[in-house]
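2 protein chains.
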Amino acid sequence: MPQKAKTTIKDVARRAGCGIATASRVLNNSGPASADVRKRVEKAASDLGFSFSAAGRALQSRRSMTIGCLVPSLANPVFAEAVQGIQEVLSGTGYQLLISCSNYDGAADNQAIETLLTKDVDGLIVTMVAPDRSAALRLAKTRNVPVSLMFHDPIDGLPSAHVDNFEAARDVARQFAKLGHKRTAFLSLRFASSDRSRNRYAGFHAECRALGLCDPALIELTEAEANAPEKLSRILAQLDSVTAIFASNDFLAIAVQKAARLIGWRVPDDLSVVGFDGIEIGRLLDVPLATIETAPEAMGRQAAATLLNMTQGVAATQMPPLPYHFRTGATLARPGPKNHDDDQVAPWPPSVLSLKTDLKQG
Amino acid sequence: MPQKAKTTIKDVARRAGCGIATASRVLNNSGPASADVRKRVEKAASDLGFSFSAAGRALQSRRSMTIGCLVPSLANPVFAEAVQGIQEVLSGTGYQLLISCSNYDGAADNQAIETLLTKDVDGLIVTMVAPDRSAALRLAKTRNVPVSLMFHDPIDGLPSAHVDNFEAARDVARQFAKLGHKRTAFLSLRFASSDRSRNRYAGFHAECRALGLCDPALIELTEAEANAPEKLSRILAQLDSVTAIFASNDFLAIAVQKAARLIGWRVPDDLSVVGFDGIEIGRLLDVPLATIETAPEAMGRQAAATLLNMTQGVAATQMPPLPYHFRTGATLARPGPKNHDDDQVAPWPPSVLSLKTDLKQG
DNA sequence: GTACCGTATGGAAACGTTTCCAATCTGAAC
DNA sequence: GTTCAGATTGGAAACGTTTCCATACGGTAC
Numbered sequence: 010m011p012q013k014a015k016t017t018i019k020d021v022a023r024r025a026g027c028g029i030a031t032a033s034r035v036l037n038n039s040g041p042a043s044a045d046v047r048k049r050v051e052k053a054a055s056d057l058g059f060s061f062s063a064a065g066r067a068l069q070s071r072r073s074m075t076i077g078c079l080v081p082s083l084a085n086p087v088f089a090e091a092v093q094g095i096q097e098v099l100s101g102t103g104y105q106l107l108i109s110c111s112n113y114d115g116a117a118d119n120q121a122i123e124t125l126l127t128k129d130v131d132g133l134i135v136t137m138v139a140p141d142r143s144a145a146l147r148l149a150k151t152r153n154v155p156v157s158l159m160f161h162d163p164i165d166g167l168p169s170a171h172v173d174n175f176e177a178a179r180d181v182a183r184q185f186a187k188l189g190h191k192r193t194a195f196l197s198l199r200f201a202s203s204d205r206s207r208n209r210y211a212g213f214h215a216e217c218r219a220l221g222l223c224d225p226a227l228i229e230l231t232e233a234e235a236n237a238p239e240k241l242s243r244i245l246a247q248l249d250s251v252t253a254i255f256a257s258n259d260f261l262a263i264a265v266q267k268a269a270r271l272i273g274w275r276v277p278d279d280l281s282v283v284g285f286d287g288i289e290i291g292r293l294l295d296v297p298l299a300t301i302e303t304a305p306e307a308m309g310r311q312a313a314a315t316l317l318n319m320t321q322g323v324a325a326t327q328m329p330p331l332p333y334h335f336r337t338g339a340t341l342a343r344p345g346p347k348n349h350d351d352d353q354v355a356p357w358p359p360s361v362l363s364l365k366t367d368l369k370q371g
Numbered sequence: 010m011p012q013k014a015k016t017t018i019k020d021v022a023r024r025a026g027c028g029i030a031t032a033s034r035v036l037n038n039s040g041p042a043s044a045d046v047r048k049r050v051e052k053a054a055s056d057l058g059f060s061f062s063a064a065g066r067a068l069q070s071r072r073s074m075t076i077g078c079l080v081p082s083l084a085n086p087v088f089a090e091a092v093q094g095i096q097e098v099l100s101g102t103g104y105q106l107l108i109s110c111s112n113y114d115g116a117a118d119n120q121a122i123e124t125l126l127t128k129d130v131d132g133l134i135v136t137m138v139a140p141d142r143s144a145a146l147r148l149a150k151t152r153n154v155p156v157s158l159m160f161h162d163p164i165d166g167l168p169s170a171h172v173d174n175f176e177a178a179r180d181v182a183r184q185f186a187k188l189g190h191k192r193t194a195f196l197s198l199r200f201a202s203s204d205r206s207r208n209r210y211a212g213f214h215a216e217c218r219a220l221g222l223c224d225p226a227l228i229e230l231t232e233a234e235a236n237a238p239e240k241l242s243r244i245l246a247q248l249d250s251v252t253a254i255f256a257s258n259d260f261l262a263i264a265v266q267k268a269a270r271l272i273g274w275r276v277p278d279d280l281s282v283v284g285f286d287g288i289e290i291g292r293l294l295d296v297p298l299a300t301i302e303t304a305p306e307a308m309g310r311q312a313a314a315t316l317l318n319m320t321q322g323v324a325a326t327q328m329p330p331l332p333y334h335f336r337t338g339a340t341l342a343r344p345g346p347k348n349h350d351d352d353q354v355a356p357w358p359p360s361v362l363s364l365k366t367d368l369k370q371g
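So the protein sequences, as listed, match chains A and B. Be aware that the first sequence starts at 10, since it is given in the working numbering, and climbs by one per residue. Be aware that the second sequence starts at 10, since it is given in the working numbering, and climbs by one per residue.
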């Protein structure tokens, strides 16, 4: 135990031979002080290796200088990058980032937000399962804690840094149509807990209809199916007449390719695949992935900037959706000869789940 | 401004008609209280929607219930997963995670740790450029803030959750040798700021020597080179006689494959490629990547568990290195015919940087 | 010399907890 | 009816800041 108790501003004041108030004023540059005492205080502080106690400050100022962030998972690079973007903006502002993951669990979401609120965060940046009916989010509002969303469509007066998933997905449908695809499918993980996926499907579905394509098959995969190429290929095999698949994220798109090849389908000749997100690695692949490129880091930056404004008392302002960009790639092409005779529309095999309703946002 | 000031325990006590001390005891279950008053306090608390102020508690208890974490970047999934692992262990313990990124910058590292210390964190989990000579880390020691490392070899009495990079890299050399490779290269990003890369190279180099292979060429890439396949292929082109490349991480390994194909080399026939880390996507690729599989999430879990022990006053204990596993893949094979006549060792082209010294740790 | 003003200064209150300790109360034992 | 142990209870101090306010001081203008 070589180290005594933490040195406080009281110690500094004593050593500098002045009052606590004066020491505080000097150290914070927050009031008058003679050059003489100023020097003494500064010396004392550095001699003692003084540094402020965050707890003392937080208590007195009623600000923790801490921002809470909730994302589904950091294992998903999209969210990891977004957090990175938040960091970028926060660094240098004096705010620190408190982070929490829910693993895509709606109950954990609310629990996590409550815990964050307990920690007296000065603001929240949130991506969660159901922000529109979150009790915890309402609690934040009650407590006057500003909230800024990421990835969601703006909801309930809460500003959100997002891309327009619906519109982006329509783009994909147009690309498929342009190349002559008729039969498509939408593959998703956790459809129920991701409004992003739902909006993408809704946009894709709407535009397929508008362009006269068949309604896309909606396939929701389990975690296990997505990660086991053999299982995935068994599912693909049932989609015999489909010539183009829109995967709700890039990982899935990559897995689909592998699964397709396992059952002897060539990509893109027998099956076109388009992903979503635009993760870096997609570009570096041997067969570059066609995808909707988004900028998660920019989303993080925007969410943080918006929140910072709110903490200053500025009213919440909703920025326009962030841009996305259709990046074409070698996984996308005209349907090959195998399917050319398939103009006649056959019913889906019964095992394929197909959602006809428009699921756009709620 | 519908909301008045935050409700405090004082309000609860008043409403319950008891003293503050009693209310505190009830709410914390930390002392005796009659069933009667207990009920009243609980009702008052719930009526008022009371929740403790973290600041008040932190000040009084001298514990912030907060753990600081510094990693180079969350954009690297290895670190993101490690943080995810930390979260897993921390969740439910009452500790929250304060996180910071340095972008692989040694100065930012120290700055970030100091900021974290300023926030009165109860412990630190750190991956940084130079933990062995970090002033900020020494400061943490002075302040009696426990520190646990991730990914580094244990240093200076600081426990670290890590894999043995040196040994793992020797495995790679053995695999290459077993298949008959003679000329190899080690590709790395940020060699100077990553002791992990240095240890991997050192182990690879040592084992190549021990097995009678040529000393591996050491190629340090810039960020730009690693992300632009054309640039990378220009570099590869200079490594004409090399038949096997060990990339210091999987992303690089994937980029190398693409670059190789750009100049007409087949993988693995003309060039074998092995990565490091074992990121999930490597398995799902069309051509599955050979790599050293590690468990970043387990590293995070171990680091967090160790730290938690330390905060309880238990002396720091160094766990054995975490296991790794050589995962073979379609990117690794015997050298093809093209290089079979290459038993005669020729000098490296002058443009290729080759490090002969053993760089193992420091 | 007095009245006055602006600048430095420090005492003390307040922020929301927890906890020590003394005071009160209960009922049982005498 | 007293006395005493044990169970409850609440006042107050302490944690480290910041900030309000009053005081003290130097000088300038009369």
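Every residue gets a Cβ at the ideal spot worked out from N, C-alpha and C, and that includes glycine. The structure displayed is predicted, hence computed values, not measured ones.
Residue i - containing alpha helix (DSSP H), residue span
| i | result |
| --- | --- |
| LEU341 of chain A | No alpha helix (DSSP H) contains LEU341 of chain A, which DSSP labels as neither H nor E. |
| PHE260 of chain A | 259–271 |
| LEU167 of chain B | Neither: LEU167 of chain B is in no alpha helix (DSSP H) and is coded neither H nor E. |
| THR75 of chain A | First-last for THR75 of chain A: 75–80, but that is the beta strand (DSSP E), not the alpha helix (DSSP H). |
| ALA5 of chain B | No answer is possible for residue 5 of chain B: the residues shown for chain B start at 10 and end at 371. |
| LEU331 of chain A | First-last for LEU331 of chain A: undefined, no H or E at that position. |
| LEU248 of chain B | Unbroken run through LEU248 of chain B: none, as it is neither H nor E. |
| VAL21 of chain A | 18–25 |
| LEU321 of chain B | Here residue 321 of chain B turns out to be Gln, not Leu, going by the sequence shown. Run containing GLN321 of chain B: none; DSSP gives neither H nor E here. |
| ASN119 of chain B | 115–127 |
| ARG34 of chain B | 29–37 |
Supposed contact pair residue j and residue i - C-beta distance, whole angstroms, cut 8 angstroms
| i | j | result |
| --- | --- | --- |
| SER197 of chain A | LEU230 of chain A | 7 angstroms |
| PRO140 of chain B | ILE164 of chain B | 5 angstroms |
| VAL21 of chain A | THR31 of chain A | Rounded, the Cβ-Cβ distance is 10 angstroms, inconsistent with contact. |
| ASP131 of chain B | THR320 of chain B | 5 angstroms |
| ALA313 of chain B | LEU126 of chain B | With 8 angstroms as the limit, ALA313 of chain B and LEU126 of chain B do not qualify as a contact, their Cβ atoms being about 18 angstroms apart. |
| ARG207 of chain A | PHE213 of chain A | Not quite, the Cβ-Cβ distance comes to about 11 angstroms (not below 8 angstroms), so this is no contact. |
| ARG49 of chain A | CYS27 of chain A | 7 angstroms |
| PRO297 of chain B | GLY338 of chain B | 4 angstroms |
| PRO238 of chain A | LEU293 of chain B | 7 angstroms |
Segment limits, beta strand (DSSP E) that includes residue i
| i | result |
| --- | --- |
| ARG147 of chain B | That residue, ARG147 of chain B, is in no beta strand (DSSP E); its alpha helix (DSSP H) goes 144–151. |
| LEU106 of chain A | 105–110 |
| SER55 of chain A | Where SER55 of chain A is concerned, there is no enclosing beta strand (DSSP E), although the alpha helix (DSSP H) it sits in stretches over 44–57. |
| PHE61 of chain B | First-last for PHE61 of chain B: undefined, no H or E at that position. |
| VAL87 of chain A | VAL87 of chain A -> not in any beta strand (DSSP E); alpha helix (DSSP H) instead, spanning 86–99. |
| VAL156 of chain A | 156–159 |
| VAL135 of chain B | 132–135 |
Distance cut-off 8 angstroms: residue i Cβ against heavy atoms of the ligand SAM
| i | result |
| --- | --- |
| VAL172 of chain B | This structure simply doesn't include the ligand SAM, nor any ligand for that matter. |
query: Along the chain, which unbroken stretches of the alpha helix (DSSP H) at least 4 residues long are found entirely within the stretch 286–317 of chain A?
result: 289–293
- request: Pull out every residue of the stretch 258–290 of chain A whose Cβ sits closer than 7 angstroms to any Cβ of chain B, in chain order.
  value: PHE260, ILE263, ALA264, GLN266, LYS267, ARG270, ILE290
query: Given a limit of 8 angstroms on CB to CB distance, which residues of the stretch 229–247 of chain A reach chain B?
result: ASN236, PRO238
message: Going residue by residue through the stretch 179–224 of chain B, where are the continuous alpha helix (DSSP H) segments of at least 4 residues, counting only ones entirely within it?
response: 204–219
query: Contact between the stretch 186–197 of chain A and the stretch 252–260 of chain A: three or more CB pairs below 8 angstroms?
result: yes
task: Closer than 7 angstroms, Cβ to Cβ, to anything on chain B: give me those residues from the stretch 75–105 of chain A, in chain order.
output: SER82, LEU83, ALA84, PRO86, ALA89, GLU90, VAL92, GLN93, GLN96, GLN105
- request: Report yes or no: do three or more beta-carbon pairs, one from the stretch 325–334 of chain A and one from the stretch 157–172 of chain A, lie closer than 8 angstroms?
  value: yes
message: Using a Cβ-Cβ cutoff of 8 angstroms, what residues of the stretch 152–169 of chain A are near chain B? List them in chain order.
response: ARG152, ASN153
message: Can you confirm whether the stretch 80–91 of chain B touches the stretch 59–79 of chain A when touching is taken to mean that 3 or more C-beta pairs between the two stretches lie within less than 8 angstroms?
response: no
task: Please confirm if the stretch 278–287 of chain B is in contact with the stretch 300–308 of chain B, defined as three or more CB-CB distances below 8 angstroms between the two stretches.
output: yes
message: Please identify, using Cβ separations under 8 angstroms, the residues of the stretch 40–68 of chain A that lie next to chain B, in order along the chain.
response: GLY58, SER60, PHE61, SER62, ALA63, ALA64, GLY65, ALA67, LEU68
field: Residues within the stretch 131–146 of chain B neighbouring chain A, beta-carbon criterion of under 8 angstroms
entry: none
- prompt: Quick check: the stretch 217–228 of chain A against the stretch 144–161 of chain A, are there 3 or more CB pairs under 8 angstroms?
  reply: no
task: May I ask you to verify whether the stretch 86–93 of chain B touches the stretch 44–58 of chain B, counting CB pairs closer than 8 angstroms and requiring at least 3?
output: no
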